[in-house]
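So the sequences go chain by chain: A and B. Mind the numbering: the first sequence is residues 8 to 335 in this note's numbering, read in order. Mind the numbering: the second sequence is residues 2 to 253 in this note's numbering, read in order. Where is the CB? At the ideal position from N, CA and C, for every residue including glycine.
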Amino acid sequence: MDYRRFVELREPACAELEKALATARRDPKGLGYDDLEAMAFHYRQVLHDHSLAQARFPGTAMARRLQRLVLDATHWLQRDDGATLPSPRRFLVQTFPRAFQSLLGPMAVAAALFVTATLFGFTLTVAQPGLASLFLPPEASAGLARGELWTDSIFSVTPHAVASGQIATNNMKVAIVAWAGGAIAGFGALWVLVMNGLMLGAVLALVAQYSMAGALLDFIAAHGPLELSLIVVSAGAGLHMGRALVVADDQPRSRRLRAAGKDALVVLLGALPWILVLGFVEGFLSPSDLPFATKAAVGLLLEAVFLGWAFLPAQAPAAAPSSPEVAA
Amino acid sequence: MERPSPTPLTTPQIETAHDAVLGLDNVRLGLPLAGLGSRGLATFVDHLLALLGIAIWGLGVLSLFNLAGLSGPWAVALFLIGAFLIQWGYFAACELTMDGQTPGKRALGLRTVSSVGGRASSAAILLRNLLRSLDLAVGVPIMALDTRSRRLGDLVASTLVVHHRGERDGAPSLGRVPDSWTGRDVAVVESLLGRAHAMEPERARRMAEQVNGWLRRREPDFIAGGEAEWADDAPAPDDPLVYLSRILAAEV
Numbered sequence: 008m009d010y011r012r013f014v015e016l017r018e019p020a021c022a023e024l025e026k027a028l029a030t031a032r033r034d035p036k037g038l039g040y041d042d043l044e045a046m047a048f049h050y051r052q053v054l055h056d057h058s059l060a061q062a063r064f065p066g067t068a069m070a071r072r073l074q075r076l077v078l079d080a081t082h083w084l085q086r087d088d089g090a091t092l093p094s095p096r097r098f099l100v101q102t103f104p105r106a107f108q109s110l111l112g113p114m115a116v117a118a119a120l121f122v123t124a125t126l127f128g129f130t131l132t133v134a135q136p137g138l139a140s141l142f143l144p145p146e147a148s149a150g151l152a153r154g155e156l157w158t159d160s161i162f163s164v165t166p167h168a169v170a171s172g173q174i175a176t177n178n179m180k181v182a183i184v185a186w187a188g189g190a191i192a193g194f195g196a197l198w199v200l201v202m203n204g205l206m207l208g209a210v211l212a213l214v215a216q217y218s219m220a221g222a223l224l225d226f227i228a229a230h231g232p233l234e235l236s237l238i239v240v241s242a243g244a245g246l247h248m249g250r251a252l253v254v255a256d257d258q259p260r261s262r263r264l265r266a267a268g269k270d271a272l273v274v275l276l277g278a279l280p281w282i283l284v285l286g287f288v289e290g291f292l293s294p295s296d297l298p299f300a301t302k303a304a305v306g307l308l309l310e311a312v313f314l315g316w317a318f319l320p321a322q323a324p325a326a327a328p329s330s331p332e333v334a335a
Numbered sequence: 002m003e004r005p006s007p008t009p010l011t012t013p014q015i016e017t018a019h020d021a022v023l024g025l026d027n028v029r030l031g032l033p034l035a036g037l038g039s040r041g042l043a044t045f046v047d048h049l050l051a052l053l054g055i056a057i058w059g060l061g062v063l064s065l066f067n068l069a070g071l072s073g074p075w076a077v078a079l080f081l082i083g084a085f086l087i088q089w090g091y092f093a094a095c096e097l098t099m100d101g102q103t104p105g106k107r108a109l110g111l112r113t114v115s116s117v118g119g120r121a122s123s124a125a126i127l128l129r130n131l132l133r134s135l136d137l138a139v140g141v142p143i144m145a146l147d148t149r150s151r152r153l154g155d156l157v158a159s160t161l162v163v164h165h166r167g168e169r170d171g172a173p174s175l176g177r178v179p180d181s182w183t184g185r186d187v188a189v190v191e192s193l194l195g196r197a198h199a200m201e202p203e204r205a206r207r208m209a210e211q212v213n214g215w216l217r218r219r220e221p222d223f224i225a226g227g228e229a230e231w232a233d234d235a236p237a238p239d240d241p242l243v244y245l246s247r248i249l250a251a252e253v
């Protein structure tokens with residue numbers, strides 16, 4: 008077939024699809040079944056014409072026009088799975104609890120790694136206090152030696168509101184990095200878990216050595232339990248992605264990584280608002296003069312509410328709407 | 002009357018070549034994938050805009066608190082949280098609201114699409130952008146090694162970034178073509194007419210004259226037919242480029 012004839016024959020279908028796309032862009036909800044059916048018919052026709060043009064008349068205006076139409080129509084007609092975000096209510100009662108409960112395995116691994124690193128850091132620091140400098144900033148170690156928690160110096164010079172903002176944003180960054188780092192075969196998540204565990208172990212050993220365990224416990228009672236849980240949860244979600252990349256299965260790694268990424272994303276999105284709230288608890292409540300029992304009660308309550316939410320009976324997912332069926 | 006059973010509009014995700022993206026009926030889409038350079042430039046523009054957004058947010062918060070006579074530390078706390086949201090949410094928010102584009106991508110003519118050229122899901126957009134934090138460490142090597150220039154976020158979220166041109170690309174299309182011309186001949190002449198304004202004028206005219214000479218020698222009937230269509234209205238133009246455009250009924 009010569010080029011001129013090709014253009015003459017394909018022009019009507021191109022014009023129809025261009026018109027349909029313009030209408031669809033203007034008023035997508037105004038499209039009826041018949042409109043979609045016609046659009047799908049022209050799309051299929053243009054798609055095959057595009058293929059022929061690429062083979063027989065590559066680089067010509069008609070080939071470029073067909074390609075542009077195909078790309079536009081594909082973008083408009085083909086929606087990825089789960090194109091819409093769940094409603095807040097659905098996210099709260101269904102999406103998050105289900106994703107959280109499906110990731111208990113990697114979270115348990117993350118918790119075990121964190122506890123092991125903490126014990127290791129504690130043991131190392133007890134045996135050789137000088138090694139604490141490997142995990143802690145020098146000013147924190149020096150402050151502890153003087154009988155001061157590093158938090159005292161922070162809250163003495165920084166207003167509580169500012170410190171809260173800094174703490175919240177810093178902890179959210181740590182959680183995101185731990186989560187995202189899991190996608191590199193789990194290495195990033197492992198790094199965050201191990202380093203934070205070693206730091207915590209070293210701090211615990213030093214405060215015990217300087218008889219300041221009570222002061223530290225008083226400071227972390229309100230925010231500590233949930234904060235550590237959330238770091239472990241975020242890193243566990245990251246490990247879930249890492250496992251999908253590393254462990255062989257009967258599915259392609261790309262597909263498993265994508266599925267794992269979706270669950271991990273839900274868990275992270277559920278954890279981040281809690282970290283924001285905890286920033287303000289740590290900025291205001293933790294350094295306050297409230298009795299230890301009150302702070303401990305707040306800490307336990309926050310942990311209980313989070314876990315109660317995470318372990319809500321996960322309802323079965325609603326049947327996914329079937330693909331738009333269009334006679335083409 | 003009962004409607005006939007429709008055929009599902011689905012896309013089989015089968016790939017015959019390593020970098021081929023197949024659409025409906027396994028037709029190769031030929032997605033114009035964006036490379037490291039254009040994507041990097043778009044990201045640079047977006048980071049600049051995000052920084053500008055943070056600065057504007059900071060000025061706005063401080064002005065608001067000053068006007069209301071409220072405590073300064075709370076303004077700083079609000080600024081920090083807003084800056085965090087802009088830093089981490091700018092890309093995802095833009096792509097969710099601008100149909101897979103950010104201002105940087107729009108400026109460079111790029112768009113994020115699903116692995117089959119469709120609209121990327123909200124979850125995929127959030128996923129690929131929250132994984133952006135790793136790009137400083139592994140982004141460039143992964144993109145350089147991947148045949149589709151995907152970064153880690155694209156691999157996990159199963160997305161691609163493609164060139165998205167406007168309605169018209171500026172190149173002319175020929176309304177009249179000699180029967181003997183192949184697709185390659187048409188593409189070469191269209192390319193000449195489309196790029197002539199960017200070439201040395203003398204060189205462009207010389208090339209157009211070569212084509213005109215070829216047409217006069219090999220396709221005299223075609224030339225005669227073309228001239229007959231506009232000879233009544235105007236004389237044959239002296240400029241060979243204009244002559245060629247008119248004889249081929251080139252339209253931009």
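Does the separation of the CB atoms of Ala-212 of chain A and Ala-300 of chain A fall below 8 Å? Taking 8 Å as the Cβ cut-off, Ala-212 of chain A and Ala-300 of chain A do not qualify as a contacting pair.
Neighbour flag for Ala-108 of chain B against chain A, beta carbons, 8 Å: At a cut-off of 8 Å, the C-beta of Ala-108 of chain B has no neighbouring C-beta in chain A.
Whole angstroms are fine: how far does the CA of Phe-80 of chain B sit from the CA of Ala-69 of chain B? Rounded to whole angstroms, Ala-69 of chain B to Phe-80 of chain B spans 16 Å at the Cα level.
For Val-210 of chain A, does the count of other Cβ atoms within 10 angstroms reach 16, so buried, or fall short, so exposed? By the neighbour-count rule (16 or more Cβ atoms within 10 Å), Val-210 of chain A is buried.
Within 8 Å of chain A by C-beta, residues of the segment 137–164 of chain B in sequence order: Cβ contacts with chain A come from Ala-138, Val-139, Leu-153, Leu-156, Val-157, Ala-158, Ser-159, Val-163.
Measuring CA to CA, which of B:Ser-192, B:Val-162, B:Leu-53, B:Leu-128 is closest to Met-144 of chain B? The option with the nearest alpha carbon to Met-144 of chain B is B:Val-162.
CB contact below 8 Å: Leu-128 of chain B versus chain A: Chain A contact via Cβ: present.
According to DSSP, simplified to helix, strand and coil, what is Val-163 of chain B? In the structure shown, the three-state DSSP call for Val-163 of chain B is strand.
If I'm right that Ala-251 of chain B touches Leu-175 of chain B with Cβ under 8 Å, what's the distance once you round it to whole angstroms? About 6 Å; that satisfies the 8 Å criterion.
Stretch pair the segment 107–114 of chain A + the segment 232–245 of chain A: three plus CB contacts closer than 8 Å: Two segments are said to touch when three or more pairs of C-beta atoms, one from each, lie closer than 8 Å; by this definition the segment 107–114 of chain A touches the segment 232–245 of chain A.
So, using beta-carbon positions, are Leu-24 of chain A and Ala-47 of chain A closer together than 8 Å? Against a cut-off of 8 Å, the Cβ pair of Ala-47 of chain A and Leu-24 of chain A comes out as no contact.
Do we get a CB-CB distance below 8 Å when we pair Glu-220 of chain B with the residues of chain C? Among the chains of the structure shown, chain C does not appear; the protein chains present are A and B.
Can you give the Cα-Cα distance for Leu-2 of chain A and Pro-280 of chain A, rounded to whole angstroms? Beyond the ends of chain A as shown, which are 8 and 335, falls residue 2 of chain A; an answer cannot be given.
Is the segment 122–137 of chain B close to the segment 147–163 of chain B, with three or more CB pairs under 8 Å? Proximity of the segment 122–137 of chain B to the segment 147–163 of chain B meets the contact definition, three or more beta-carbon pairs being nearer than 8 Å.
Assuming Thr-113 of chain B is part of the beta strand (DSSP E), what are its boundary residues? Per DSSP, Thr-113 of chain B belongs to the beta strand (DSSP E) from 111–115.
For the segment 225–233 of chain A against the segment 140–150 of chain A, are there 3 or more C-beta pairs whose distance is under 8 Å? Segment contact: the segment 225–233 of chain A against the segment 140–150 of chain A, fewer than three CB-CB distances shorter than 8 Å; contact not assigned.
Short check: CB of Val-288 of chain A to CB of Val-305 of chain A, under 8 Å? Closer than 8 Å, so yes.
Taking 6 Å as the limit between beta carbons, can you name the residues of its chain near Ser-293 of chain A, skipping five residues before and five after? Non-local beta-carbon contacts of Ser-293 of chain A in its own chain, meaning distances under 6 Å to residues more than five positions away in sequence, involve Phe-226, Ala-229, His-230 in chain order.
In whole angstroms, what separates the C-alpha of Arg-63 of chain A from that of Val-187 of chain B? Here the alpha carbons of Val-187 of chain B and Arg-63 of chain A stand approximately 11 Å from one another.
Whose Cβ in chain A lies nearer than 8 Å to the Cβ of Phe-66 of chain B? None at all; the shortest Cβ gap to chain A is about 11 Å.
At the 8 Å Cβ level, is Glu-203 of chain B part of the contact set with chain A, yes or no? Chain A contact via Cβ: absent.
Is any non-hydrogen atom of the ligand COA found closer than 7 Å to the C-beta of Asp-240 of chain B, if you look at the structure I gave you? In terms of ligand content, the structure shown is empty, and the ligand COA therefore cannot be addressed.
Cβ of Gly-24 of chain B within 8 Å of Cβ of Val-114 of chain B? Pairing Gly-24 of chain B with Val-114 of chain B gives a Cβ-Cβ distance that is not under 8 Å.
Under 8 Å Cβ-Cβ, which residues of chain B neighbour Arg-63 of chain A? The answer, in chain order, is Gly-184.
Shortest alpha-carbon distance to Glu-96 of chain B belongs to which of B:Asn-130, B:Gly-36, B:Gly-31, B:Gln-88? Selected option, being the one with the closest Cα: B:Asn-130.
Would you kindly report the start and end of the unbroken alpha helix (DSSP H) that includes Phe-313 of chain A? Start and end: 299–317.
Whole angstroms is fine: what's the gap from Pro-320 of chain A's alpha carbon to Leu-111 of chain A's? If I take the Cα positions, the gap works out to 14 Å.
Report back the beta-carbon spacing between Gln-216 of chain A and Pro-136 of chain A to the nearest angstrom; my notes put them in contact at under 8 Å. The Cβ separation is near 6 Å, so the contact holds.
Whether Ser-150 of chain B touches Ala-21 of chain B by CB criterion (8 Å): Not closer than 8 Å, so no.
Gly-66 of chain A touches chain B at which residues, Cβ-Cβ below 9 Å? The contacting residues are Gly-184, Arg-185, Val-187, Ala-188, Val-189, Glu-191, Ser-192.
Just the C-alpha distance for Asp-77 of chain A and Arg-12 of chain A, rounded to the nearest angstrom, thanks. Correcting the residue type first, residue 77 of chain A is Val in the shown sequence and not Asp. A direct Cα-Cα distance of roughly 21 Å separates Val-77 of chain A from Arg-12 of chain A.
Determine contact between the segment 96–110 of chain B and the segment 33–53 of chain B, defined as no fewer than three beta-carbon pairs at a distance below 8 Å. Yes: at least three Cβ pairs fall under 8 Å.
Using a Cβ-Cβ cutoff of 7 Å, what residues of the segment 29–53 of chain A are near chain B? List them in chain order. So the list reads Ala-47, Arg-51, given in the order they occur along the chain.
Going along chain A in order, which residues have a C-beta closer than 8 Å to the C-beta of Ile-82 of chain B? Result: Gly-172, Ala-175, Thr-176, Leu-283.
In the DSSP assignment, what residue or residues form a beta bridge with Arg-29 of chain B? Paired residues: B:Leu-23.
So Asp-26 of chain B contacts chain A; which residues on that side make the cut at Cβ distance below 8 Å? Those are Arg-51, Leu-54, His-55, listed as they occur along chain A.
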